[in-house]
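*Asks:* I am attaching a structure below and will ask some questions about it afterwards.
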Amino acid sequence: MNSPATAALMSRIDEEAAAANLHLTGDGDAGAMSANLTPAMSAWLNTEVGPARGSAITAVKNAASQITMPGGVQGFVFEFERDRLRRERNTGKAEAQTRFYERFGAELDKQRDVEQQYEAMRFHEGGRNARNPGRLIDLLIPLAIMIPEGFMNYKFFLEYVGVGIVALGSTVVVGLAIGWAAFLAGRFLKAYNFYMGPNNDRMRAEGLRMITIALGLLTVALVAVGAVRYMGIVRDNVARVMLAQPPLEPFSQTGMLLFGNLVVFGLGMAITYWLHDRNPLFAEKAEENEKLSKKVAQLRKRELDDRLEQIDAAYTQNLERTQGQAQLLKTKPGYDEVARSVGLIADKDNAVLGVLQEYRSRLVRKMLPDMPIKLEDGQTVRPAGFAALPIDLYRH
729 MNSPATAALM SRIDEEAAAA NLHLTGDGDA GAMSANLTPA MSAWLNTEVG PARGSAITAV
789 KNAASQITMP GGVQGFVFEF ERDRLRRERN TGKAEAQTRF YERFGAELDK QRDVEQQYEA
849 MRFHEGGRNA RNPGRLIDLL IPLAIMIPEG FMNYKFFLEY VGVGIVALGS TVVVGLAIGW
909 AAFLAGRFLK AYNFYMGPNN DRMRAEGLRM ITIALGLLTV ALVAVGAVRY MGIVRDNVAR
969 VMLAQPPLEP FSQTGMLLFG NLVVFGLGMA ITYWLHDRNP LFAEKAEENE KLSKKVAQLR
1029 KRELDDRLEQ IDAAYTQNLE RTQGQAQLLK TKPGYDEVAR SVGLIADKDN AVLGVLQEYR
1089 SRLVRKMLPD MPIKLEDGQT VRPAGFAALP IDLYRH
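Just so you know, the sequence shown maps onto residues 729 to 1124 in the working numbering.
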């Protein structure tokens, strides 16, 4: 379509490419002939195409209405009625999505912002995914370390204090101390460059505090275990001497127990090192993004998806009924001429769609890659996403 009308539309490319942002039409917009049109595209359709097209559609409708159906019902054009049903469906969906956004816009905006922040951090991290085991796994690591710690230490605490509940409590405290120390040390070592990097005194202070707590807990726990084992051996040796039995060597026995505790500590530290990310902020942002994404998905399922499914079900039911009526209508005299006129309108529409798509293609090439383009539901796409959106002219 090389015409003055086409040239008038193409002359708007520079203006829209330079705009701060564009807001596209939606299926629910009054007077819009299609969704996903820029203001220039929509205005061009309404002024250059709409009047003549509207007259042609009305003429075809009038011709179809002259065909009498059983019961005296007026005939209709199936293609136009199908478009009307589609428009009603899409308008209903748009209204439901608008209400959803009005109610939960703050949550949606927050999730979108966090997702963008995470993707920006992911880009700076070379496109890798964050290693984030989750809070439950973080809690299970120290608790899991308590199990081998209990097998190693409980017997010696019980032999020394002689009271089961006290021995159990002491074993639990020591196990938690070593487990927590392993967890903190593993995270510090994995993120050593993050915590101890230059020009970040706050992160350095946090890293030093973390490893200091880890070493302090480990030292206190090992001293407690070593003292109980050593003093227990010394006390037992007195009885062994009185019974003419050879005494145990306290240093080697105590050293073996401490070595076993250190092995468990090292295992816990290695597991923590393997599970966690070298950039804690990246892992925290990934966790926040995952949590908010799940929350928004649950909101959509509960507050929006069921309504959209109801709208789709109603559309399918109405369309099937209309298709059945159309099969009977097509057998009536005079409908062949109606069908021919519908085909002519479809051919003209294809030519118009070609102009719109050519305009959009040229516009996208002139736009900045990160230019924001707003959709009817409040979401934003970039030019590449805009280029892939469907354009379809309604006929009703």
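The C-beta atom is built at its ideal place from N, Cα and C for all residues, glycine as well.
Only a predicted model underlies this, so the values are computations on that prediction, with no experimental measurement involved.
Would you mind sorting Asp1075 into buried or exposed? The rule is 16 or more other CB atoms within 10 Å of its CB.
*Replies:* exposed
*Asks:* Can you tell me whether Leu864 is buried or exposed, with buried defined as 16 or more other CB within 10 angstroms of its CB?
*Replies:* exposed
*Asks:* Which stretch, first to last residue, makes up the alpha helix (DSSP H) that contains Lys1029?
*Replies:* Lys1029 -> no alpha helix (DSSP H), and no H or E assigned at all.
*Asks:* Which of helix, strand or coil does DSSP assign to Gln802?
*Replies:* strand
*Asks:* Can the beta-carbon of Ala834 be found less than 9 Å from the beta-carbon of Lys1013?
*Replies:* No.
*Asks:* Can you grab the Cα-Cα spacing for the pair Asn774 / Phe1010, in whole Å?
*Replies:* 49 Å
*Asks:* Alpha carbon to alpha carbon, how far is Ala748 from Val1024?
*Replies:* Distance between the alpha carbons of Ala748 and Val1024 is about 29 Å.
*Asks:* If contact is defined by three or more beta carbon pairs under 8 Å, each pair taking one atom from either stretch, is the segment 1078–1094 in contact with the segment 805–818?
*Replies:* Segments in contact, no.
*Asks:* Tell me the DSSP secondary structure of Val891 in three-state form.
*Replies:* Three-state DSSP puts Val891 in coil, outside helix and strand.
*Asks:* How should His1004 be labelled, buried or exposed, when 16 other C-beta atoms within 10 angstroms of its C-beta is the threshold for buried?
*Replies:* buried
*Asks:* When the Cα of Leu836 is compared with those of Gly954, Glu1031, Lys1060, which residue comes out closest?
*Replies:* Glu1031
*Asks:* My parser needs the alpha helix (DSSP H) runs of 4 or more residues fully inside the segment 895–961; what are they?
*Replies:* 920–923
*Asks:* I'd like to know if the segment 896–910 and the segment 940–948 are in contact, where contact means that at least 3 CB-CB pairs between them fall below 8 Å.
*Replies:* Because the criterion of three Cβ pairs below 8 Å is met, the segment 896–910 and the segment 940–948 touch.
*Asks:* Going by Cα to Cα distance, which pick from Ala768, Arg831, Phe804 is closest to Val1066?
*Replies:* Phe804
*Asks:* With Pro974 and Ile961 assumed to form a contact (beta carbons below 8 Å), what rounded beta-carbon distance in angstroms separates them?
*Replies:* Not confirmed; about 13 Å, so no contact.
*Asks:* Is the number of C-beta pairs between the segment 731–751 and the segment 1088–1099 that are closer than 8 Å three or more?
*Replies:* yes
*Asks:* Taking the alpha carbon of Ile1119 as the point to measure from, which residue in Thr1108, Val1083, Met1099 has its own alpha carbon closest?
*Replies:* Val1083
*Asks:* Span of the alpha helix (DSSP H) holding Thr1044?
*Replies:* Counting along the chain, the unbroken alpha helix (DSSP H) around Thr1044 starts and ends at 1034–1057.
*Asks:* Roughly how many angstroms separate the alpha carbons of Thr734 and Lys1019, rounded to a whole number?
*Replies:* 49 Å
*Asks:* Applying the criterion that 16 or more other CB atoms from any shown protein chain within 10 Å of the CB defines a buried residue, is Lys883 buried or exposed?
*Replies:* exposed
*Asks:* Looking at Gly878: is its Cβ nearer than 9 Å to the Cβ of Gly903?
*Replies:* yes
*Asks:* If I'm right that Ile785 touches Phe806 with Cβ under 8 Å, what's the distance once you round it to whole angstroms?
*Replies:* Not a contact, Cβ separation roughly 14 Å.
*Asks:* Quick one: what does DSSP say Leu1003 is sitting in, helix, strand or coil?
*Replies:* helix
*Asks:* Could you tell me whether the Cβ atoms of Leu752 and Phe1114 are closer together than 9 Å?
*Replies:* yes
*Asks:* With a threshold of 7 Å on Cβ separation, who are the neighbours of Met874 within its own chain once the five nearest residues in sequence on each side are excluded?
*Replies:* Val900, Gly903, Leu904, Gly907
*Asks:* Quick one: Cα of Lys1029 to Cα of Gln1038, how far?
*Replies:* 13 Å
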